[in-house]
Amino acid sequence: MNCDQVEHYINDFCDNLLADNLQSQVSEHISNCDTCSKKIAQHQDYLNSMVKFKSPELEPGLAARMLHQAKNQPGKSSQNASFYKGFIAASVLFLAIFSSWQFVNKPETITPELVKTEVFSTEVTLVIYVPEDMPNADLKITLPNNVQLAGLSTLSSFSWPVDLKQGANNLSLPIEVAAGTNLHQALSFMANINYNNKQKDFELKVNLVTPHNQT
């Protein structure tokens, strides 16, 4: 087995889904190839990191309030209307969750434009509303240029299978915003859901500073 074949099988190998003979061949190859061994280790670290992003369901009251707000926002029509008519327009909503000290206890460190002179760490919660259960859907998130996942600086996008339940689903992402970023400017994330060979794309405008934070 060569390096290209190992790269082709990397996902199934890490998930122990290969046939026994292929699993053994990959194991034998990486035991003698430092490059592939490092790739396997990095990919396994990536998969382990994805696990912690799976969050519990929102509390019913909170989900209802968020979805009410989403329903009243204008959204783009979908080209796959028959499949997506159950999706709420603009149903993907990010909420910025801040530690109180970041904007309250240290006002002297905040310029009027809220341009941070150091890396800004926070957590955003992605809420996705779907009209039906979508087991083993593929969710892909593409990050803005000035944002990285905490501890995963080399990733500009990432995807993994998720079981989306009918109604509200939420996902918490720890992020780091690059130094020098104006926190008053919305960040643009991209999300893509692929289910049964049908896709839906979202552009996500994330406002890190709310009116409450600015006062």
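Just so it is clear: in the sequence shown, position 36 is 28 by our numbering, and no numbers are missing.
Yeah, the Cβ is synthetic: ideal placement off N, Cα and C, and Gly gets one too.
Assigned with DSSP and collapsed to three states, Ser151 falls in strand.
Taking 8 Å as the cut-off, the beta carbon of Asn137 is found no closer than this to the beta carbon of Val169. Note that the C-beta distance between Thr117 and Asn162 is below 8 Å. Check the Cα spacing between Asn186 and each of Gln36, Ser16, Cys25, Ile133: the tightest is with Ile133. DSSP lists no bridge partner for Leu135.
Take Asn128, set aside five residues on each side of it, and the residues of its chain with a beta-carbon closer than 7 Å to its own are Pro153, Asp155, in chain order. Collapsing the DSSP output to three states places Asp193 in a strand.
Under the three-state reduction of DSSP output, Asp130 falls in the strand class. Straight-line measurement puts the Cα of Asp37 at about 18 Å from the Cα of Val18.
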